[in-house]
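Chains as they are written, first to last, in the numbering used here: chain A, 925 to 1067; chain B, 3 to 510. By construction, the Cβ of each residue, glycine as well, lies at the ideal position given by its N, Cα and C atoms. Okay, structure first, notes after.
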Amino acid sequence: MAETHSLQDMRQQAAVAAKVFIQRDYTNGTVCQFQTKFPSEMETRIDKQQFEETVRTLNNLYAEAEKLGSQSYIEGCLACLTAYTVFLCMETHYEKVLKKIAKYIQEQNDKIYAPRGLLLTDPIERGLRVIEVTIFEDRSLTR
Amino acid sequence: MHLGVSESMRECEYSQISTRSSTPMETPYKKKTPKKKKWESFPGRNKFYCDGRIMMAKQTGVFYLTLVLILVTCGLFFTFDCPFLALQLTPVIPVIGGVLFMFVMGTLLRTSFTDPGVLPRATPDEAADLERQIDVANGSTGYRPPPRTKEVVINGQTVKLKYCFTCKIFRPPRASHCSLCDNCVERFDHHCPWVGNCVGRRNYRFFYMFILSLSFLTIFIFAFVITHIILRSHQSGFLNALKDSPASVLEVVVCFFSVWSIVGLSGFHTYLISSNQTTNEDIKGSWSSKRGKDNYNPYSHGNIFTNCCAALCGPLPPSLIDRRGFIQSDAPQLAPPTNGITMYGATQSQQSHMCDQDQCIQSTKFVLQAAATPLLQQQSSEPVILTASPENGGTLPGRTSLTLGGPCTSLPLGQPTPPTSTPSLSCHEATDMLPIHAHSHNHSHPLQEPVAHHHFLTPEEVPSPPGMLPCGSPLGHSHTMQAGFYNPASQDSLHEDSVRGLVKLSSV
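Rendered as structure tokens:
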């Protein structure tokens, strides 16, 4: 409920002023990473360090999801042996991390972004192409 | 007035938070219309079954042929050859045969029914933002150079990312647009008519295991049918043996022709996996040393073992298209088509869980718009912002509403290529691109005539030795992309030909 209250407050005052899209960073290959470059439209709203920290954490989480390690190999082999029926009962490592990411984004929105009139959209809802940041126009400031 | 506005806002907010479907102007008591799931308005050319759980390409005739061939051959084997072999040799033979058969069927169905890694199309906001960035990069508003590419350095190699005009995104590296399915697919390998689906990032391992296990199964059946005939010949002579077991002859014929093609294909894909390349890349020779001394594959992990493990046992990413989620299609039903709201509605038709937040945004916006101001202009500019906020400066008004206004009307219906897409886009590519929006109805065949002669492979030859199939696999897709822009006219011919279940060879 706290979330809706803060978001409601935001919406009572603000309308959407702009949307900024943080694109993917492919310099390390096809692994899911986002650019940490700070978009200029957000300069007035949030600290550069804070935002870069958020993106960096997200990048680390995605890297963890796609990591090739013993855990993923074991999971892959087990799945193959059980003809992938094992995923009817348990979720893949990737999905577990995606849930972690969703929680992290919600928490960041509540604590940091909503009070500043910003809203991060979970990249999975945009096909892992972009991080969409909605900038709300802060009507209280314009008065 | 102010009170009335905030009253209705408050009313809307509570109703928005509690229900998920009502639009700002609908009363909370209105009967909810049944919601559609996203797969029902999926923009690509795919077929969905089981309420969106199963996803296949549009033309599945050849897939059924594959199923029939496998089922009939195995059925005959188990019915006519296995009893004899089990008695004469060992009952382990039918058991192993059974296990192989189950594995083949399982992997085949998994390959065919799984989302290969389709990339969802860009939301209108994203597309507009990209357009704006391209405008800025080009520095001009008039003539636009045809190839929209971005260069990126990956592990020391320069890779060109191409812009997909259908999906309105810059394709990630190794992704390609499948003309048959009309989707961008991640790590696109090829479109396989035999499995009735594209082979991409999410189902490549199943495809590989399918062809590998099918090779073993084919060799197994071939060997044991021959054994069966030989054993019978010892008992009653060769011709009598054939007469006693006519099914064996059919099996031998099918297996003989299949073995060459399928074992060859398995070998080819084993090579691809160990060098971490896709069929697409191998055919184009993207990472071949012939291109240059410094040309190497930036995606390879360095050694064969890691490459194999990564391809077969790596983490399986989830589907990016939320097939079974509900479409939040409330905004488009709004009568007053203010650009801002319909845009968000259109945006939402491609999202899953933004509903509450965006609905509140919409309701707020709508009410503010209704209450406020003649500042809003319907068609020309600033659809995104309700009021020009001074502190945002000039960043927003730069967006033309034509970009956004166009998609608004058609996107809610789930169509990806709105008729009035960015005018600059359609202006520039006018001669070639205008048909892009009607490409499914377009029947010109500019590219296909010279290529057509290569196509007619018999079914046995189609999953053919490396030299043949890989040429056909990308189905002209990478080929058309190499032209630097999207040639929609070729899609239709490809589409038509696929109806006949033929694999197209693209002249690379």
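Of ASP191/B, ILE223/B, LEU219/B, the smallest CA-CA separation from ASP284/B is found for ASP191/B. The beta-bridge partner set that DSSP reports for GLN159/B consists of ILE156/B.
Taking every protein chain shown into account, the CB of ARG207/B has 16 or more other CB atoms within 10 angstroms, so this residue is buried. Taken in chain order, the members of the region 304-336 of chain B whose beta-carbon sits within less than 9 Å of a beta-carbon on chain A are THR308, CYS311, ALA312, LEU314, CYS315, GLY316, PRO317, LEU318, PRO319, PRO320, LEU322, ILE323, ASP324. Under the three-state reduction of DSSP output, LEU1043/A falls in the strand class. Between VAL944/A and ALA987/A a beta carbon distance of about 23 Å is seen, past the 8 Å cut, so the two are scored as non-contacting. If you check each beta-carbon in the region 153-175 of chain B against every beta-carbon of chain A, the ones closer than 9 Å belong to VAL154, VAL155, ILE156, ASN157, VAL161, LEU163, ILE171, PHE172, PRO174, PRO175. Considering only ASP949/A, THR1016/A, THR1058/A, the residue with the shortest C-alpha distance to LYS152/B is ASP949/A. Of the residues assessed, LYS286/B falls on the buried side of the cut-off, its CB having 16 or more other CB atoms within 10 angstroms. Residues are counted here when their Cβ sits less than 8 Å from a Cβ of chain A; for the region 187-198 of chain B these are GLU188, ARG189, given in chain order. Considering only beta carbons, the part of the region 86-116 of chain B lying closer than 7 Å to chain A consists of GLY108, ARG112, in chain order. Note: ARG948/A is bridge-paired with PHE958/A in the DSSP secondary-structure output.
Taking C-alpha positions only, GLN135/B is separated from ALA124/B by approximately 15 Å.
Closest in C-alpha terms to LEU182/B, from the list ARG47/B, THR116/B, CYS311/B, CYS76/B, comes ARG47/B.
DSSP places LYS170/B in the coil class of the three-state scheme, outside both helix and strand.
Within the same chain, ARG1040, GLY1041, LEU1042, ILE1059 come within 7 Å of ARG969/A by CB-CB distance, once the 5 residues on both sides are set aside. For TYR210/B, the enclosing alpha helix (DSSP H) has its first and last residue at 206-238. The beta-carbon of CYS1001/A is placed less than 8 Å from the nearest beta-carbon of chain B. Taken atom to atom, the span from the alpha-carbon of LEU216/B to that of SER260/B is near 9 Å. Take the alpha-carbon of THR951/A and the one of LYS972/A: they are about 22 Å apart. Listed along the chain, the chain A residues whose CB falls inside 9 Å of the CB of LEU121/B are GLY1051, LEU1052, ARG1053. Spatial neighbours of ILE156/B in its own chain (CB-CB distance under 7 Å, excluding positions within 5 residues in sequence) are listed in chain order as PRO175, PRO300. Bounds of the beta strand (DSSP E) holding HIS192/B are 192-194. GLU977/A has no beta-bridge partner at all, per DSSP. GLY239/B and ASP83/B have their C-alpha atoms spaced approximately 17 Å apart.
Identification of chain A residues near TYR301/B by a Cβ-Cβ cut-off of 8 Å yields GLY953, THR954, ordered along the chain. In terms of Cα proximity to GLY158/B, the closest of ASP296/B, ASP324/B, TYR66/B is ASP296/B.
The beta carbon of SER114/B lies closer than 7 Å to those of MET58, PHE65, VAL197, GLY198, ASN199 in the same chain, with the five residues before and after it left out. Proximity of chain B to GLU990/A at the Cβ level (cut-off 7 Å) is accounted for by PRO317, in chain order. From the beta-carbon of LYS1035/A, no residue of chain B is found nearer than 9 Å; the closest lies around 16 Å away. Contact between GLU253/B and LEU78/B holds: their C-beta atoms lie close to 6 Å from each other, under 8 Å. Only residues of its own chain outside the window of five on either side were considered, and among them GLU253, VAL256 have a CB closer than 6 Å to the CB of THR75/B, listed in chain order. Identification of chain A residues near ASP127/B by a Cβ-Cβ cut-off of 7 Å yields LYS943, ordered along the chain. Around the beta carbon of MET104/B, a 10 Å sphere encloses fewer than 16 other beta carbons of the protein chains shown; the residue is thus reported as exposed. The Cβ of THR1006/A sits no closer than 8 Å to any Cβ of chain B.
Contact annotation for ASP53/B against chain A: no contact, minimum CB-CB distance about 16 Å [criterion: below 7 Å].
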